[in-house]
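To convert, count from 1 in the first sequence and add 2; that's our numbering.
C-beta: ideal position from N, C-alpha, C; glycine also.
Report on the structure given below.
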Amino acid sequence: MPTLQPMFQDRLQSLLIPALQQAFKALFGHDLDPKAFAFQSTRPEFEGDVTINVFPFLKVSGKGPEPTAQAVGEYLQAHLEVVECFNVVKGFLNIRIADSYWLDFLREAGQQDLLQFPTTGKKVMVEYASPNTNKPLHLGHMRNIFLGHSVSRILESAGNEVVRVQVINDRGIHICKSMVAWQHFGAGATPESSGLKGDKLVGKYYVEFDRVYKKEIEALIASGKSKDDAEKEAPILLEAQAMLLKWEANDPDVRALWSKMNGWCFDGFNATYDRMGVAFDKLYYESQTYVLGKNDVLEGLKKGVFYEKDGAVWVDNSKEGLDEKVLLRSDGTSVYMTQDIGTAIKRFEEYPGLSQLIYTVGNEQDYHFKVLFIILKKLGFSWADELHHLSYGMVDLPSGKMKSREGTVVDADDLMEEVVQEARASGEQLSKLDDFSEPEKSALFEMIGLAAVKYYLLKVDPKKRMLFDPAASIDLQGHTGPFIQYTYARIKSLLRKVEGMGTWSPEHVPQWALLPEERAVLKHLHQFPHVLHESASKLDPALMANHTYELVKAYNGFYQSVPVMKEEDGSKKNFRLALSMAVGQMTKKAMWCLGIEVPERM
RNA sequence: GGUCCUGUAGCUCAGCUGGAUAGAGCACCUGCCUUCUAAGCAGGCGGUCGUUGGUUCGAAUCCAACCGGGAUCACCA
3 MPTLQPMFQD
13 RLQSLLIPAL
23 QQAFKALFGH
33 DLDPKAFAFQ
43 STRPEFEGDV
53 TINVFPFLKV
63 SGKGPEPTAQ
73 AVGEYLQAHL
83 EVVECFNVVK
93 GFLNIRIADS
103 YWLDFLREAG
113 QQDLLQFPTT
123 GKKVMVEYAS
133 PNTNKPLHLG
143 HMRNIFLGHS
153 VSRILESAGN
163 EVVRVQVIND
173 RGIHICKSMV
183 AWQHFGAGAT
193 PESSGLKGDK
203 LVGKYYVEFD
213 RVYKKEIEAL
223 IASGKSKDDA
233 EKEAPILLEA
243 QAMLLKWEAN
253 DPDVRALWSK
263 MNGWCFDGFN
273 ATYDRMGVAF
283 DKLYYESQTY
293 VLGKNDVLEG
303 LKKGVFYEKD
313 GAVWVDNSKE
323 GLDEKVLLRS
333 DGTSVYMTQD
343 IGTAIKRFEE
353 YPGLSQLIYT
363 VGNEQDYHFK
373 VLFIILKKLG
383 FSWADELHHL
393 SYGMVDLPSG
403 KMKSREGTVV
413 DADDLMEEVV
423 QEARASGEQL
433 SKLDDFSEPE
443 KSALFEMIGL
453 AAVKYYLLKV
463 DPKKRMLFDP
473 AASIDLQGHT
483 GPFIQYTYAR
493 IKSLLRKVEG
503 MGTWSPEHVP
513 QWALLPEERA
523 VLKHLHQFPH
533 VLHESASKLD
543 PALMANHTYE
553 LVKAYNGFYQ
563 SVPVMKEEDG
573 SKKNFRLALS
583 MAVGQMTKKA
593 MWCLGIEVPE
603 RM
């Protein structure tokens, strides 16, 4: 994981920790490890900004909690300028940080993007999407894609170079099913002739295949076959299997049809990706990568990393608490693992500077990736420790699991359209946009609608299974993307009104004290770089999403009760404008990290 | 059965490197648009943090067992 530059660690802690060490040395004669100190934000009901719990240090101090906290507090106040005052409640030492510190911090936040870390020099590859070319993208893909896209941006913000890649599963029995059904029932239909998006057209014949297949099974069972036999012998399935063999034998007609239908699918996917606002640097087609890995496995066999049994090549991971696994069948053909081994190796060859590879794949493949990473480690690749499976949980519907065969999938295009329409409906009802042209409105509603879906999917811890509530996902109020966008738009509105008035110049220490609402906002801003670091190291966009919400919520509280434009004291007014601007900038960058755009007005 | 993930308010989720009366949003109820955008703000209602033990001055948080939900363990992908 990218390591944080010291300057982006919590700057307050880097001031407090040495002082605390000195305090314990001077007061109690003990040298404490810098990591011994745990900080927490002071609860709002007490006065202060940072709280240190002294319970862990009672043995060192030899005193009770309150005298210990009192002594440390006095020492800090005497030796650290940023410590304005303190109070002790039970074993809690609440420290109030001086306004000057917050003002310095705000000045810095205004001058540079604190959510852009210095370069680490590392190159990271993030794989996401990996669709099959036999049906359109659905809600599950959306979680995958938004996660991968967001993690890529978070890693970039944390100072890494990112290569976005997609694996397209363009080969196999699934696409042959669509092809067979199209041949039989398509009557030459094309996206142009049918008016259907390419992936939808191909998907239609995949569904058609399944319908006919089921009918054939029923007929066979009726004629006395067992269910198992019927499932294996249905003519249309045999036809699809035959087609796969022809494909593998490079049959020109089959290959031509395959290219044509895959092409339709790619066009459809690209349209969906465009609307989602995601893109890739490189595509890997399974039709090309599925031959990879065989030589690597054979080499591993030679080196004694793998072994042979019944003519097949195996790996034994029982020492790692896993099982044995076949890597090459006895007929010499590959399994899925084989090509994943080969593809990983190829990627590190193609990108010589690559230091990390992240696979955004659902948690049903946890075991697969565990095995894959162990195998690559056993093969001796130095980069094997830098492979990560960004494992995410399934998206459930209120009705239960999504089943493509049962038609309960939520289609990606449909969902985006629905939420954009919802944004339009509420937006027009509010009638704040009367001076917007129709294209401007459309662009805005698009931005709002997509923010709603993206934020909805990203605010949940990736590894957790989540419930997709259609009504909540198009909600534009409360803990949502549009709420954050709205706050941003309000800030921009404020700033628009003072354009040309010059910016806040915080050269002098003001004579007024910061208000609690102002401090609350400042503290959220202050924490943000740390949140970005956490988010990058845990590959967890939800941390960014939730902190952004907390920031704008604090800002809204401030906005509601503290005047900005109306403030008569020029120094205060300028400060509040600078504060607003910093919130706007960080919000915009944080939302960028989530792949969400923010509007100037809404 | 083995392994992994998960269980917090009616619903959806935060909090989990142990710390002060467990937080949001939605829903429901009350206020606030003659002051910077009410897609907002303030307040109310609502919780045996799955259960039982253990470690600890202190456990939603760590450990164990159990219960519930899910995934996975093919010469499938």
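query = Near G451, what residues of its chain come up, given a Cβ to Cβ distance below 6 Å and the 5 sequence neighbours on each side ignored?
reply = Residue mapping note: residue 451 aligns to position 449 of the first sequence, counting from 1. Closer than 6 Å at Cβ, skipping near neighbours: V421, V422 and A425.
Simplified DSSP assignment, three categories, for N264 = As a working mapping, residue 264 is identified with position 262 in the first sequence. Helix.
inquiry  = Judging by CA-CA distance, which residue of V397, D398, L460 and G295 is the nearest neighbour of Y551?
reply    = Position 549 of the first sequence, counting from 1, holds the residue named residue 551. Comparing Cα positions, the closest option is L460.
key: Separation of S132 from L378, as counted between CA atoms   = Along the first sequence, read from residue 1 onward, the residue named residue 378 stands at position 376. Along the first sequence, read from residue 1 onward, the residue named residue 132 stands at position 130. Using only the alpha carbons, I get a separation of about 21 Å.
query = In terms of DSSP beta bridges, what is C87 paired with?
reply = Working through the first sequence from its first residue, we reach residue 87 at position 85. Bridge partners of C87: R98.
query = Which residues does DSSP pair with L469 in a beta bridge?
reply = In the first sequence, the residue the question calls residue 469 occupies position 467. D398.
key: Own chain residues within Cβ distance below 6 Å of G355, not counting five before or after   = Counting from 1 along the first sequence, the entry for residue 355 is found at position 353. K125, listed in sequence order.
task = Note down the Cα distance separating M404 from S537, rounded to an integer number of angstroms.
result = Translated into the one-based positions of the first sequence, residue 404 becomes position 402. Translated into the one-based positions of the first sequence, residue 537 becomes position 535. Cα-Cα distance, rounded: 29 Å.
Pair within 8 Å by beta-carbon distance, L392 and L541 = As a first step, residue 392 must be located in the first sequence, where it is residue number 390. As a first step, residue 541 must be located in the first sequence, where it is residue number 539. Yes, Cβ-Cβ distance for L392 and L541 is below 8 Å.
query = Just reading off the beta strand (DSSP E) that M127 is part of, what are its end residues?
reply = Here residue 127 corresponds to residue number 125 of the first sequence, with the count starting at 1. Note, M127: beta strand (DSSP E), K125 to E129.
ask   = What three-state label does DSSP hand P8 in the structure shown?
value = Reading the first sequence from its first residue, position 6 is the one you call residue 8. Low per-residue confidence applies at P8: pLDDT is 40, beneath 50, and the placement is therefore not dependable, though the value from the model is reported in the following sentence. Note: P8 maps to helix in three-state DSSP.
inquiry  = Restricting to Cα atoms, I'd like to know which of K466, E326 and T345 is closest to I170.
reply    = If you number the first sequence from 1, residue 170 lands on position 168. Per the Cα distances, T345.
ask   = Taking the alpha helix (DSSP H) that A71 falls in, what are its first and last residues?
value = Residue mapping note: residue 71 aligns to position 69 of the first sequence, counting from 1. P67 to H81 is the span of the alpha helix (DSSP H), which, as asked, contains A71.
key: Opening and closing residue of the alpha helix (DSSP H) in which R166 lies   = Taking the first sequence and counting its residues from 1, one reaches residue 166 at position 164. Counting along the chain, R166 falls outside any alpha helix (DSSP H), though it belongs to the beta strand (DSSP E) covering E163 to I170.
key: Minimum C-alpha distance to A281 - residue among Y287, A273 and E288   = The residue you call residue 281 lines up with position 279 of the first sequence. The shortest C-alpha separation from A281 is found at A273.
task = Mind checking which residues open and close the alpha helix (DSSP H) that includes F26?
result = Start at 1 with the first residue of the first sequence, and residue 26 comes out as number 24. First-last of the alpha helix (DSSP H) with F26: R13 to F30.
As assigned by DSSP and simplified to three states, the class of H391 = For this step, residue 391 is matched to residue 389 along the first sequence. Looking at H391 - three-state DSSP - the assignment turns out to be strand.
ask   = Which ranges would you report for the alpha helix (DSSP H) in the stretch 149 to 209 if only whole runs of at least 4 residues count?
value = 175 to 187 and 193 to 196
Buried or exposed by the 16-neighbour rule on C-beta atoms within 10 Å, applied to L596 = Here the question's residue 596 lines up with position 594 in the first sequence. Buried: at least 16 other Cβ atoms inside 10 Å.
request  = Go to K327, then tell me how far its alpha helix (DSSP H) extends in each direction, as first and last residue.
outcome  = Numbered from its first residue, the first sequence carries residue 327 at position 325. Careful: K327 lies outside any alpha helix (DSSP H), inside the beta strand (DSSP E) at E326 to L330.
Per-residue DSSP class, three states only, for M3 = Position 1 of the first sequence holds residue 3. Its pLDDT being 31, under 50, M3 is placed unreliably by the model, and nothing is read from it.
request  = Starting from G364, follow the beta strand (DSSP E) in both directions and report where the run begins and ends.
outcome  = Here residue 364 refers to the residue found at position 362 when the first sequence is read from its first residue. From DSSP, the beta strand (DSSP E) with G364 extends over L356 to G364.
key: Contacts around K227, its chain only, beta-carbon distance under 8 Å, and the 5 residues preceding and following it disregarded   = For the purposes of this step, residue 227 is taken as residue 225 along the first sequence, with counting starting at 1. If we look at K227 and ignore the five residues flanking it on each side, its Cβ neighbours are E235.
query = Between W456 and G483, is the Cβ-Cβ spacing less than 8 Å?
reply = As a first step, residue 456 must be located in the first sequence, where it is residue number 454. As a first step, residue 483 must be located in the first sequence, where it is residue number 481. Contrary to the premise, residue 456 reads as Lys rather than Trp in this sequence. Taking 8 Å as the Cβ cut-off, K456 and G483 qualify as a contacting pair.
ask   = Do you know whose CA, among V167, D172, V209 and K199, lies nearest F187's CA?
value = Sequence index remark: in the first sequence, residue 187 carries index 185 (1-based). It is V209.
inquiry  = Using CA atoms only, rank isn't needed, just tell me which of E599, L324, A592 and A584 is closest to Q114.
reply    = Mapped onto the first sequence, residue 114 falls at position 112. Nearest option by C-alpha distance: A584.
task = State the Cα-Cα distance for the pair S320 and E129, rounded to the nearest angstrom.
result = Taking the first sequence and counting its residues from 1, one reaches residue 320 at position 318. Taking the first sequence and counting its residues from 1, one reaches residue 129 at position 127. Approximately 29 Å between the Cα atoms of the pair.
ask   = For F371 versus V363, is the C-beta spacing smaller than 8 Å?
value = Indexing the first sequence from 1 puts residue 371 at position 369. Indexing the first sequence from 1 puts residue 363 at position 361. Closer than 8 Å, so yes.
inquiry  = Helix, strand or coil, according to DSSP, for E310 in the structure here?
reply    = Indexing the first sequence from 1 puts residue 310 at position 308. Here E310 sits in strand by DSSP.
task = Along the beta strand (DSSP E) that carries T53, what are the first and last residues, could you check?
result = By 1-based counting over the first sequence, the position of residue 53 is 51. V52 to N55 is the span of the beta strand (DSSP E), which, as asked, contains T53.
key: Cα-Cα separation, M418 to V411   = In the first sequence, counting from the first residue as 1, residue 418 sits at position 416. In the first sequence, counting from the first residue as 1, residue 411 sits at position 409. Rounded to the nearest angstrom, the two C-alpha atoms are 14 Å apart.
ask   = Closest by CA to Q367, which one among Q358, Y338, K296 and K348?
value = If you number the first sequence from 1, residue 367 lands on position 365. Q367 has its Cα closest to that of Y338, out of Q358, Y338, K296 and K348.
query = From which residue to which residue does the beta strand (DSSP E) around L285 run?
reply = On the first sequence, residue 285 is found 283 positions in, with the first residue counted as 1. Note, L285: beta strand (DSSP E), K284 to Y287.
inquiry  = Taking a contact to mean a Cβ-Cβ separation below 8 Å, would you say A453 touches Q487 in this structure?
reply    = Indexing the first sequence from 1 puts residue 453 at position 451. Indexing the first sequence from 1 puts residue 487 at position 485. Their beta carbons are under 8 Å apart, which means A453 touches Q487 by this criterion.
request  = Report, in whole angstroms, the separation of the C-beta atoms of L553 and M588, which I expect to be a contact under 8 Å.
outcome  = The residue labelled residue 553 in the question sits at position 551 within the first sequence. The residue labelled residue 588 in the question sits at position 586 within the first sequence. 7 Å between Cβ atoms; contact.
query = Can L496 and V566 be called in contact, C-beta distance under 8 Å?
reply = Here the question's residue 496 lines up with position 494 in the first sequence. Here the question's residue 566 lines up with position 564 in the first sequence. Cβ distance < 8 Å, so L496 and V566 count as in contact.
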